[in-house]
Amino acid sequence: MERQQFISLVEGSQKAFRRFLAALCCGDLQLADDIAQESYLKAFVSCGSLKNPDRFKSWIFRIGYTTFIDCKRSQCSYSDYKAAEDMEAGEKADAPFEYQALYAALDKIPAKERTSILLFYMEGYSIKEIAEIEETSQEAVKQHLSRGRSHLRGILSN
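Counting from 469, one number per residue, gives the positions in the sequence shown under the numbering used here.
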């Protein structure tokens, strides 16, 4: 791959790549920029291994992700590994995405319904306790729960 072609491919994917890295780094833009620079250097050094320039974007994202993981690993402290040996494995690695559709649906319903649903089903509060928290009547909470369930059913069934 020619130098100018590499530059052109970088310029075409740079905005999306940096946005991706900023999200990976939870908004730490300095870290994201450092990872981006290191990723571009790695990509330039090994650009001969890229067979299809049309796949550059996914290739650079993979390099960026791997560089991010390597960076995080190097920041980890292994001094207290004995404590880690006694820890039990928790949830599956993809557990945070398990309820993604539900969270997106919850975001679409009115705040009072969402609050009542979350407090009742996820936190286990009684209708009376929710009424006290929301400073409303128990009947209003029942109505919020009923409407919220109905709205969620409609959103999730689509």
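Glycine included, C-beta positions come from ideal geometry on N, C-alpha and C.
It should be emphasised that the depicted structure is a prediction, and the values quoted were computed from it without experimental measurement.
ask   = Whose C-alpha, out of Ser-481, Arg-582, Glu-470, is nearest the C-alpha of Val-609?
value = Residue 609 sits at position 141 when you count from the first residue of the sequence shown. The option with the nearest alpha carbon to Val-609 is Arg-582.
request  = Mind checking which residues open and close the alpha helix (DSSP H) that includes Cys-417?
outcome  = Any answer about residue 417 is impossible in this case: the structure gives the chain only from 469 up to 626.
key: Cα-Cα separation between Met-590 and Ala-491, rounded to whole angstroms   = Numbered from its first residue, the sequence shown carries residue 590 at position 122. Numbered from its first residue, the sequence shown carries residue 491 at position 23. C-alpha separation (whole angstroms): 27 angstroms.
key: CA nearest to the CA of Ser-614, picked from Thr-604, Ser-594, Ala-579, Ile-585   = Along the sequence shown, read from residue 1 onward, the residue named residue 614 stands at position 146. For Ser-614, the nearest C-alpha among the options comes from Ile-585.
ask   = What's the C-alpha gap between Ala-569 and Lys-576?
value = Residue numbering aside, residue 569 sits at position 101 when the sequence shown is read from its first letter. Residue numbering aside, residue 576 sits at position 108 when the sequence shown is read from its first letter. Near 11 angstroms, if we compare the C-alpha coordinates of Lys-576 and Ala-569.
inquiry  = Going by DSSP in three states, Lys-576 sits in which element: helix, strand or coil?
reply    = Taking the first residue of the sequence shown as position 1, residue 576 is located at position 108. Here Lys-576 sits in coil by DSSP.
query = Skipping 5 residues on each side, what residues in its chain have a beta carbon closer than 8 angstroms to that of Arg-487?
reply = To locate residue 487, count along the sequence shown from 1; it is residue 19. Within the same chain, Arg-487 has no close Cβ partners at all.
request  = Determine the burial state of Ala-599: buried for a count of at least 16 other Cβ atoms within 10 Å of its Cβ, exposed for fewer.
outcome  = Position 131 of the sequence shown, counted from the start, is the residue given in the question as residue 599. Buried is the call here.
query = Tyr-508: which of Asn-520, Gln-482, Asp-496 sits nearest, CA to CA?
reply = Numbered from 1 along the sequence shown, position 40 holds the residue referred to as residue 508. For the residues Asn-520, Gln-482, Asp-496, the minimum Cα distance to Tyr-508 belongs to Gln-482.
query = When you compare each of Ala-579, Asp-502, Gly-495, Met-469 to Gly-516 by their alpha carbons, which one comes out closest?
reply = The count along the sequence shown starts at 1 and reaches residue 516 at position 48. Comparing Cα positions, the closest option is Met-469.
ask   = Ala-484: which of Ala-572, Arg-471, Glu-607, Ala-500 sits nearest, CA to CA?
value = Along the sequence shown, read from residue 1 onward, the residue named residue 484 stands at position 16. Out of Ala-572, Arg-471, Glu-607, Ala-500, Ala-500 has the C-alpha closest to the C-alpha of Ala-484.
key: N- and C-terminal bounds of the alpha helix (DSSP H) containing Cys-539   = By 1-based counting over the sequence shown, the position of residue 539 is 71. Its alpha helix (DSSP H) spans residues 524–543.
request  = Measure the CB-CB distance between Leu-518 and Ala-573 and report whether it falls below 7 angstroms.
outcome  = By one-based count along the sequence shown, residue 518 stands at place 50. By one-based count along the sequence shown, residue 573 stands at place 105. Cβ atoms of Leu-518 and Ala-573: not closer than 7 angstroms.
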